[in-house]
Amino acid sequence: MAMSAPTSPHSFLLQNPNRHHLPTTKPISLHPSPRPTKPISITCLASVQVHDRPAAAAQDRVFNFAAGPAILPESVLRKAESELYNWRGSGMSVMEMSHRGKEFLSIIQKAESDLRSLLSIPSDYAVLFLQGGATTQFAAIPLNLCTQSDPVDFVVTGSWGDKAFKEASKYCKPTLIWSGKSEKYTKIPCFDDLEQNPHAKYLHICANETIHGVEFKNYPTPKNGLMVADMSSNFCSKPVDVSKFGLIYAGAQKNVGPSGVTIVIIRKDLIGNAQEITPVMLDYKIHADNNSLYNTPPCYGIYMCGLVFEDLLAQGGLVEVEKKNVKKAKILYDAIDESKGFYRCPVEKSVRSLMNVPFTLEKAELEAEFVKEAAKEKMVQLKGHRSVGGMRASIYNAMPLAGVEKLVAFMKDFQARHA
Ligand SMILES: Cc1ncc(COP(=O)(O)O)c(C=O)c1O
């Protein structure tokens, strides 16, 4: 009886879509029916490039203190790994799916609904999954919320707020009502002292300055009630009362996913007034009317965000997540403060970030050695941002307590050896 034998790894997979392990040069015995009098033995001579790969071992991973792209939860990576090749019996990877197919629609809808649960997003707010990073939002926000002559107030507590301010000045008339630049961005102003323009369209803040490690613990009240916040680096790190904001935006690549996804949460009545010059890709109405599917969205990134949202919900939601973040940050700041000046965090204590912990060494000449030795101990990306120097440990949601404890133990040991 004529049997068609697989002649290449590719044809083998086409015929055996659920077999991940390709045949080697071992003979394959085929038992056609009706039962043959003699088994046929066929040797597959195709050279096989895909090998069984042992699951990546947890001990091979480092503690990654990068500011973003950043550490992701191990359970999420494992789940994505298990679904990479064939997503839930669809026969495809998420990367191969049509963004208009029922499989991907279920992914994006679940991601949105889980994010809504996590942040208790009111129904009069739209959730948009966009591209272009938070940097694109620096332009999109004034283009959508202002005319060219509208005033806007900015409180600038670090480099990202400053960039947002500069970009906005191309599309509206922003005023810097407070800047922490002269004090090297280590503070947040007293809200009572802010001289807000009563006609400002909105008040813009960066809720957590990733480079300088300055975080708003509560928020000023904008004169016209409209606050806009860049939450890129503390998004989903703690509960937030969304109803206090007109618009929240965040790049995903710090706390909730890979780079390539930007999330905008916007009060629906603010949508639909974009300036005429607004590119179609920056017009919130286009994206809201099309449920973030006007053009091809960053499908795999949105899928990963969805897995992270599921994971955060499984942890008990953002109240529980915040408790863990407070505990991790306390251990690290305590170690810095108790080092008798060997380590120093320049940020005023009351506004220190739970997510990004910048610190310097009293003996600055030891900083390169610190980073090098830490990397040898599998703690990487501890160098501070090039614009400020020193060190920075980003301890986002996905950084386990064990990672912070290991860093603190290393810091104490380093101090004992170099003090
Ligand atoms: C607070 C904040 N805003 C904006 C950005 C810019 O984000 P993107 O690179 O996604 O445009 C960053 C990037 O690190 C950031 O930390």
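Take the sequence shown: its position 218, counted from the start at 1, is 218 in UniProt numbering, and no numbers get skipped.
Idealized CB from N, CA, C, for every residue including glycine.
Since we're looking at a predicted model, the values are computed, not measured.
In chain order, which alpha helix (DSSP H) runs of at least 4 residues are fully inside the stretch 88–119?
With a minimum length of 4 residues, the continuous alpha helix (DSSP H) runs that stay inside the stretch 88–119 are 102–119.
Tell me which residue opens and which closes the beta strand (DSSP E) that Gly317 is part of.
Element bounds for Gly317: n/a, residue is neither H nor E.
Taking 7 Å as the cut-off, is the C-beta of Gly68 nearer than that to any heavy atom in ligand 1?
Yes - ligand 1 has a heavy atom lying nearer than 7 Å to the Cβ of Gly68.
Suppose you measure from the CA of Tyr85 to the CA of Ala207; what does that come to, to the nearest Å?
Between Tyr85 and Ala207, the C-alpha separation is close to 38 Å.
Can you tell me where the beta strand (DSSP E) with Ile266 in it begins and where it stops?
Taken as a continuous stretch (DSSP letters only), the beta strand (DSSP E) holding Ile266 covers 262–267.
Fully enclosed by the stretch 132–175, which alpha helix (DSSP H) runs are 4 residues long or longer?
Qualifying alpha helix (DSSP H) stretches, in chain order: 133–145, 159–168.
Excluding the five sequence neighbours on either side, which residues of its own chain have a C-beta within less than 7 Å of the C-beta of residue 493, listed in chain order?
Since the first residue shown for the chain is 1 and the last is 419, residue 493 is missing from the structure and cannot be characterised.
Please classify Met411 as buried or exposed, where buried requires at least 16 other C-beta atoms within 10 Å of its C-beta.
Met411 is buried by the Cβ-count criterion.
With three or more C-beta pairs closer than 8 Å as the rule, is the stretch 153–168 touching the stretch 290–301?
The answer is no - the stretch 153–168 does not touch the stretch 290–301, with fewer than three Cβ pairs under 8 Å.
Relative to the C-alpha of Ala335, which residue among Phe359, Ser353, Met355 is closest?
It is Phe359.
With 16 as the cutoff for other CB atoms within 10 Å, does Pro122 come out buried or exposed?
So Pro122 ends up on the exposed side.
How should Pro279 be labelled, buried or exposed, when 16 other C-beta atoms within 10 angstroms of its C-beta is the threshold for buried?
Under this definition Pro279 is an exposed residue.
Suppose you measure from the CA of Leu332 to the CA of Val408; what does that come to, to the nearest Å?
Leu332 and Val408: Cα-Cα distance of roughly 6 Å.
On the three-state DSSP scale, how would you describe Ile248?
Three-state result, Ile248: strand.
Report yes if the C-beta distance between Cys305 and Gly257 is below 8 Å; otherwise report no.
The answer is yes: Cβ separation under 8 Å.
In chain order, what residues of the same chain have a beta carbon less than 8 Å from the beta carbon of Asp124, not counting five sequence neighbours either side?
Answer for Asp124: Arg267, Lys268, Asp269, listed in chain order.
Between the C-alpha atoms of Ala252 and Thr186, what's the straight-line distance to the nearest angstrom?
Using only the alpha carbons, I get a separation of about 25 Å.
Based on the DSSP output, what are the partners of His204 in its beta bridges?
In DSSP, His204 forms a bridge with Phe154, Val228.
Identify every run of the alpha helix (DSSP H) within the stretch 374–408, keeping only runs that are complete inside it and at least 4 residues long; order them along the chain.
Listed in chain order, nothing qualifies, since the stretch 374–408 has no complete alpha helix (DSSP H) run of 4 or more residues.
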